[in-house]
Amino acid sequence: MLAYDYPLLGVFWTLLMIFIWVAWIMLVFKIFVDIFRSSDLGGWGKALWSIFVILVPFLGVLVYLIARGHSMTDRDVAEAQRNEQAFQDYVRQTAGTTGGAADELTKLSDLHAKGVLTDDEFARQKAKLLS
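Each residue of the sequence shown is one higher than the last, beginning at 507 in this note's numbering.
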């Protein structure tokens, strides 16, 4: 009753309820994503958890978080690591593993200094890299 006696408190109460409702919806979606992403549950397990969360939402979400909350975090971390590894592999593949022409010239210079390449071979390879 206090919230309706003071209009500003009514606004705060409404905003709090909207925030809690949005957080609840996000939690339910997160749980459904986790149910279907989980590789340790079979088809029947996924179906039973889904039915439980749909038919008894508050109890279903609470029981799911208690029973599988820790493994939910483990799956999130594993997914983040897979995504990071895929990104790193893509960057390495796209950027290439060599340092470019400067790195190749350094290698050629070392080979020339060691006597592995003759002056003529060094000049040809250098011209080839710089062209």
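Glycine residues also receive a C-beta, built at the ideal position from the N, C-alpha and C atoms. Keep in mind it's a predicted model, so treat the numbers as computed, not measured.
Closest in alpha carbon position to serine 577, among Ile531, Arg543 and Leu514, is Arg543. Residue burial annotation: leucine 614 is buried, with at least 16 other C-beta atoms found within 10 angstroms of its C-beta.
Within the model, the alpha-carbon separation for isoleucine 524 versus valine 569 is close to 24 Å. For threonine 612, the enclosing alpha helix (DSSP H) begins and ends at 607-620. The C-alpha of isoleucine 572 lies about 57 Å from the C-alpha of alanine 607. When the beta-carbon positions are compared, valine 567 and isoleucine 537 come within less than 8 Å of each other.
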